[in-house]
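J.: In our numbering, the protein residues as written are 5 to 38. Every residue, glycine too, gets a C-beta built ideally from N, C-alpha and C. The structure's right below; bear with me while I get my questions together.
So, in structure tokens, the structure goes:
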């Protein structure tokens with residue numbers, strides 16, 4: 005999990021707006037599940 009999160013954040017730092025939106029959506033789902 006940590007590796008995936010780090011990889012996602014690395015891509016986000018690249019400035020990919022679409023990737024950032026996907027990250028927020030996935031995090032929102034994870035937060036709601038927990």
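Assuming the contact rule is C-beta atoms closer than 8 Å, residue 35 and residue 12 should be a hit. Round their C-beta distance to whole Å, please.
T.: Taking the first residue of the chain shown as 1, we reach residue 35 at position 31. Taking the first residue of the chain shown as 1, we reach residue 12 at position 8. The pair is not a contact, with the Cβ atoms about 15 Å apart (cut-off 8 Å).
J.: To the nearest angstrom, how far is the alpha carbon of residue 7 from that of residue 14?
T.: As a position in the chain shown, residue 7 is number 3, starting the count at 1. As a position in the chain shown, residue 14 is number 10, starting the count at 1. C-alpha separation (whole angstroms): 10 Å.
J.: Keeping to the same chain, check which residues put their C-beta closer than 8 Å to that of residue 21; ignore five residues upstream and five downstream.
T.: Sequence index remark: in the chain shown, residue 21 carries index 17 (1-based). So the list is empty, once near-sequence residues are dropped.
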